[in-house]
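For the sequence shown, our numbering assigns the number 35 to the initial residue and increments by one for each residue that follows.
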Amino acid sequence: MRIIAVIIICLAAVSSTFAGDGFISDRLGCLVVILPGWNIDTSIADEITITNIEKGGIFVSIKRYAIAPANQIGSEDDLEIAISGLYSKLGINLPSDQKPKFAVRNGRAEFEADFMSRDANAIIRDHKYLKGTITRLNKDGQVLYLIIAASPIEVFADVYPQIQLIINSFHITGEMAPDLYVKSSSGLYKYFLLGIIIALCVFFFTRNRRIQRSSNPLGADSGNFWRCIACGRVNHIDSRFCHRCGAERYIIKEAKVSGPSNPPGDK
């Protein structure tokens with residue numbers, strides 16, 4: 035109920051401010067004002083197209099894209115990579131030493147850019163203006179609202195004020211989360227692994243001390259170990275030298291028995 039009231043208030047505010055008819059899209063979760071002399075088309079799913087009636091080739095497109103779970107944005111670095119990738123797909127080339135500019139406030143990130151589109155002969159045809167908003171909705175997760183306005187280059191300056199009015203009237207009606215970034219569970223996972231490693235270190239340390247102090251280190255398996263006579267460390271029989279002091283293993287040789295031996299079975 036509160037959301038509906040907010041939408042009505044916003045609709046009344048933008049309509050009176052921009053002197054046009056407010057349009058609410060439940061599918062995209064946004065509202066925008068349609069100025070006199072402009073027409074709206076919602077026949078394409080997940081897109082609002084607002085075109086100028088008097089002059090052809092002038093339009094404002096509003097689209098919404100859900101950000102896939104694998105591409106969730108968890109930091110400013112992720113945000114920078116996402117915007118750079120978007121610019122690359124749209125043919126917006128930034129200088130190699132320049133990063134995309136954006137601002138994060140009120141639980142959303144906003145960015146904008148001017149660029150030109152060219153025909154097959156590389157001749158500039160349209161002047162385009164882009165404004166993007168990335169936010170996190172409580173119900174739908176992270177989404178990108180992408181607004182692109184286009185006009186033939188020769189009349190762009192004339193229609194730009196109206197384009198700006200339409201773009202500035204754009205408002206997201208869905209309930210946004212207070213924080214844009216998705217909290218990653220990798221941090222907790224790292225602490226969990228660290229805890230396991232510490233526990234294993236303590237276990238093997240105490241076990242090793244117990245073995246070293248025991249006269250019969252591993253019970254029935256003690257035949258596989260030998261104790262250094264120099265420092266007392268228990269070593270495996272495969273080791274010729276002590277791992278602690280380096281002393282060589284002392285092997286007790288069996289005494290040779292001289293004289294005749296009785297064959298088996300004789301008493």
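Ideal placement from N, C-alpha and C gives every residue a C-beta, glycine not left out. Remember, it's a predicted structure, so these values are computed and weren't measured experimentally.
query	result
Give a yes or no on whether the C-beta atoms belonging to HIS161 and PHE190 are separated by under 8 Å.	yes
Give me the DSSP bridge partner(s) of HIS277.	Partner(s): none; HIS277 has no beta bridge.
Name the residue from SER109, LEU62 and GLU282 whose alpha carbon lies nearest to the alpha carbon of ARG142.	SER109
Using the Cα positions of ARG57 and VAL138, report the straight-line distance between them to the nearest angstrom.	At residue 57 the sequence reads Phe, which differs from the Arg that was named. PHE57 and VAL138: Cα-Cα distance of roughly 26 Å.
Applying the criterion that 16 or more other CB atoms from any shown protein chain within 10 Å of the CB defines a buried residue, is LYS165 buried or exposed?	buried
Give a yes or no on whether the C-beta atoms belonging to ILE4 and PHE149 are separated by under 8 Å.	Beyond the ends of the chain as shown, which are 35 and 301, falls residue 4; an answer cannot be given.
What first and last residue would you give for the beta strand (DSSP E) that runs through GLY119?	Counting along the chain, GLY119 falls outside any beta strand (DSSP E), though it belongs to the alpha helix (DSSP H) covering 110-124.
Suppose the cutoff is 6 Å on Cβ atoms and the five residues either side in sequence are ignored; what does the same chain contact list for ILE92 look like?	ASN86, SER185 and VAL193
What residues in its chain sit with their C-beta under 6 Å from that of ALA281, if we drop five residues either side in the sequence?	CYS262 and ALA264
Rounded to whole angstroms, what's the CA-CA distance from ILE96 to GLU81? Just pull it up for me.	6 Å
Can you list, in chain order, the residues of its chain whose CB lies under 6 Å from that of PHE204, leaving out five sequence neighbours each side?	VAL66
Roughly how many angstroms lie between the CA atoms of ARG61 and ILE232, to the nearest whole one?	51 Å
For SER95, does the three-state DSSP call read helix, strand or coil?	strand
Would PRO70 pass as a contact of GLY90 if the rule is Cβ separation under 8 Å?	no
Within this structure, are the beta carbons of TYR121 and PRO134 separated by less than 8 Å?	yes
Can you round the beta-carbon distance between ILE181 and VAL94 to whole angstroms, since I take them to be within the 8 Å contact cut?	7 Å
Under a Cβ-count criterion, where at least 16 other Cβ atoms within 10 Å of its own Cβ denotes burial, should ALA154 be classed as buried or exposed?	exposed
Please name the residue in MET210, SER151 and ILE206 whose C-alpha comes closest to that of ASN172.	MET210
Only counting the same chain, and skipping five residues up and downstream in sequence, which positions put a Cβ closer than 8 Å to that of HIS277?	ARG267 and ASN269
Taking 6 Å as the limit between beta carbons, can you name the residues of its chain near PHE275, skipping five residues before and five after?	GLU282
Excluding sequence positions up to five away, which residues of its chain have a Cβ less than 7 Å from the Cβ of ILE33?	Within the shown structure, residues of the chain are numbered from 35 to 301, placing residue 33 beyond reach of any answer.
Is DSSP giving ALA264 helix, strand or coil here?	coil
With DSSP run on the structure shown, which of helix, strand or coil describes ASP80?	coil
Quick check on this structure: which residue in GLY175, ASN258, VAL216 and CYS279 has the alpha carbon closest to the alpha carbon of ASP111?	VAL216
Hey, LEU214 and ILE101: beta-carbon distance below 8 Å or not?	no
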